[in-house]
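If you read the sequence shown in numbering that gives the first Met the number 0, its first letter stands for residue 0, the second for the next number, and so on. Working notes, structure below.
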Amino acid sequence: MLNIQTPPVEKEKTVIKEREVIVPGPRSYATSSSFILPGSDSYKLSYGDISSLNSGELRLARNEIYARHGYVFKSKDLQGYFYGKSWYTPDSSFRDSYLSSVEKYNVDFIKSYE
């Protein structure tokens with residue numbers, strides 16, 4: 000009687016790479032899809048990150064950085080936009096000092112392309 004062994008079947012492996020975004024502070028955010036630039040609070044943006052955005056989207060993306068910290072907007076259009084976001088909580092005690100150095104860089108970077 001022959002003892003024939005079949006070689007083990009290799010299973011196909013799928014590897015999904017994700018970019019981890021570190022969100023500072025106590026706020027919990029909705030999904031990253033609710034942001035124009037989800038990582039603008041955790042890494043310095045490059046031109047590739049913003050190249051597909053028009054000037055209106057750039058303005059929203061820049062103000063999104065402030066909105067994460069609860070900045071209370073004076074502009075009616077920005078109020079309407081950010082009040083519609085589940086993660087936005089107005090904070091009348093907002094100070095520019097709440098922004099990290101990365102966020103300050105990104106505000107200036109985005110503004111230079113608006």
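Backbone N, C-alpha and C fix where the C-beta goes; we use that ideal spot for every residue, glycine too. Here the structure is a predicted model, which means the values were calculated and not measured.
Cβ neighbours of residue i in the same chain (closer than 7 angstroms, five flanking residues each side left out)
{"i": "Leu-77", "result": "Asn-62"}
{"i": "Tyr-80", "result": "Leu-59"}
{"i": "Asn-105", "result": "Ser-39, Lys-43, Leu-44 and Ile-64"}
Other residues of its chain near residue i: CB distance less than 8 angstroms, five sequence neighbours each side excluded
{"i": "Ser-33", "result": "Lys-84, Ser-85 and Trp-86"}
{"i": "Val-71", "result": "Pro-89, Asp-90, Ser-91 and Phe-93"}
Sequence-distant residues of the same chain with beta carbon closer than 6 angstroms to residue i, five excluded per side
{"i": "Gly-69", "result": "Thr-88, Pro-89, Asp-90 and Phe-93"}
Nearest-angstrom beta carbon gap, residue j and residue i [assumed within contact, 8 angstroms]
{"i": "Leu-44", "j": "Leu-57", "result": "11 angstroms between Cβ atoms; not a contact."}
{"i": "Tyr-97", "j": "Ile-49", "result": "Not confirmed; about 22 angstroms, so no contact."}
C-beta contact flag for residue i and residue j at 8 angstroms
{"i": "Ile-109", "j": "Ala-60", "result": "yes"}
Start and end residues, alpha helix (DSSP H) containing residue i
{"i": "Ile-109", "result": "100–110"}
{"i": "Asn-53", "result": "Premise fails: Asn-53 is in no alpha helix (DSSP H) and is neither H nor E."}
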